[in-house]
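Line by line, the protein sequences give chains D and E. Taking my numbering, the leading residue of the first sequence gets 7, the next gets one more, and so forth. Taking my numbering, the leading residue of the second sequence gets 72, the next gets one more, and so forth. Here is the structure we will look at.
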Amino acid sequence: KAGVTQTPRYLIKTRGQQVTLSCSPISGHRSVSWYQQTPGQGLQFLFEYFSETQRNKGNFPGRFSGRQFSNSRSEMNVSTLELGDSALYLCASSLVLENTEAFFGQGTRLTVV
Amino acid sequence: GEDVEQSLFLSVREGDSSVINCTYTDSSSTYLYWYKQEPGAGLQLLTYIFSNMDMKQDQRLTVLLNKKDKHLSLRIADTQTGDSAIYFCAETGSGGYQKVTFGTGTKLQVIP
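This is the structure in structure tokens:
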């Protein structure tokens, strides 16, 4: 079966713009989590959605938001982009909320110039 | 808050064993994980251990957990060049099962 699909793979945006990233989880998976990976901060948890509801949120400003649709697909949005938002954004899906195994996508590489 | 520490770099010869170490601070950790990330790729879950276990073996991988010292290790037997990657230790604790806290990652270099 298909893995976790993130689109687009690469993105270049200008400071001040906004961006929307998409994640399609593995078929049947209902939990989707988002992570930001940067060389300086490593991998940091952004938020997690289950059944269209945000269940957990990391320590990121309100410019970072997300949502999940009824088909479990998820989007994350970053408004008023800053140079420091340049990162690899990873999405993970798992079957249920308390599942041990999360499958990660290839990520979206966002560059803010 | 939760904190997970790893050494940044490890170099081993092909065929030797690799041991990657990790320490964490969250005493309420429930699951501890090892992920592998190859260049340009996402994260691949290698193995995980529940906090009430001491050891888990899966083919060439052995995970040891010392809960008292909050120390986790991953041993890779007969290390191959294909094992070269960054290895992340991670845990889920009081923040919720899917709020995973990752370590800084250990870059494993396997010398042929």
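C-beta atoms are modelled at their ideal positions from N, C-alpha and C, and glycine is treated no differently.
Environment of residue i [buried if 16+ CB atoms lie within 10 Å]
| i | result |
| --- | --- |
| Q12 (chain D) | buried |
| L89 (chain D) | exposed |
| S33 (chain D) | exposed |
| S78 (chain E) | exposed |
| V84 (chain D) | buried |
| A148 (chain E) | exposed |
| D97 (chain E) | buried |
| S76 (chain D) | exposed |
| I18 (chain D) | exposed |
| S88 (chain E) | exposed |
| S99 (chain E) | exposed |
| V38 (chain D) | buried |
| D91 (chain D) | buried |
| T59 (chain D) | exposed |
| T150 (chain E) | buried |
Contacts that residue i makes with chain D (C-beta to C-beta distance below 8 Å)
| i | result |
| --- | --- |
| K170 (chain E) | S39, F51, E54, N62, G64 |
| F80 (chain E) | Result: empty, since nearest Cβ-Cβ is about 14 Å, beyond 8 Å. |
| L230 (chain E) | Nothing can be reported for residue 230 (chain E): it is not among the residues displayed for chain E, which extend from 72 to 183. |
Proximal residues of chain C, C-beta to C-beta of residue i below 7 Å
| i | result |
| --- | --- |
| F173 (chain E) | Included in the structure are the protein chains D and E, with no chain C among them. |
Closest residue to residue i among the options (Cα-Cα distance)
| i | options | result |
| --- | --- | --- |
| Y95 (chain E) | E:T163, E:E76, E:A156, E:G176 | E:E76 |
| T172 (chain E) | D:S92, D:Y41, D:V118 | D:Y41 |
| G113 (chain E) | D:A98, D:Q47, D:R73 | D:A98 |
| Y104 (chain E) | E:V134, E:D87, E:D125, E:Q130 | E:V134 |
| H35 (chain D) | D:A108, D:S100, D:F109, D:G111 | D:S100 |
| F53 (chain D) | D:Q47, D:Q24, D:S71 | D:S71 |
| Y16 (chain D) | D:G48, D:L94, D:G22, D:F109 | D:L94 |
| I170 (chain E) | D:D91, D:G111, D:R61, D:Q74 | For the record, residue 170 (chain E) in the displayed sequence is Lys; it is not Ile. When each option's Cα is compared against that of K170 (chain E), the closest is D:R61. |
| S155 (chain E) | E:G176, E:Y102, E:Q130 | E:G176 |
| G111 (chain E) | E:G174, E:R131, E:I157, E:E162 | E:I157 |
| T101 (chain E) | E:K138, E:K127, E:Q128 | E:K138 |
Pairwise C-alpha distance: residue j and residue i
| i | j | result |
| --- | --- | --- |
| V102 (chain D) | S57 (chain D) | 9 Å |
| C29 (chain D) | G9 (chain D) | 11 Å |
| V181 (chain E) | L136 (chain E) | 24 Å |
| Y55 (chain D) | K63 (chain D) | 9 Å |
| V119 (chain D) | G113 (chain D) | 19 Å |
| K178 (chain E) | C93 (chain E) | 13 Å |
| Q43 (chain D) | L116 (chain D) | 10 Å |
| T152 (chain E) | E109 (chain E) | 12 Å |
| C160 (chain E) | D125 (chain E) | 16 Å |
| T20 (chain D) | G48 (chain D) | 23 Å |
Within chain D, partners of residue i - CB distance below 7 Å
| i | result |
| --- | --- |
| A112 (chain E) | Q112 |
| G176 (chain E) | G48 |
Contacts of residue i in chain E (Cβ-Cβ under 7 Å)
| i | result |
| --- | --- |
| A8 (chain D) | Simply none; closest approach about 14 Å. |
| E107 (chain D) | L116 |
Proximal residues of chain E, C-beta to C-beta of residue i below 9 Å
| i | result |
| --- | --- |
| L89 (chain D) | Near L89 (chain D) there are no residues of chain E at all, since even the closest Cβ is about 22 Å away, more than 9 Å. |
| L96 (chain D) | G113, L114 |
Check your understanding: Counting Cβ pairs, one atom from each stretch, are 3 or more of them under 8 Å apart for the region 135–143 of chain E and the region 115–124 of chain E?
Key -> yes
Review point. Counting Cβ pairs, one atom from each stretch, are 3 or more of them under 8 Å apart for the region 72–91 of chain D and the region 74–88 of chain E?
Key: no
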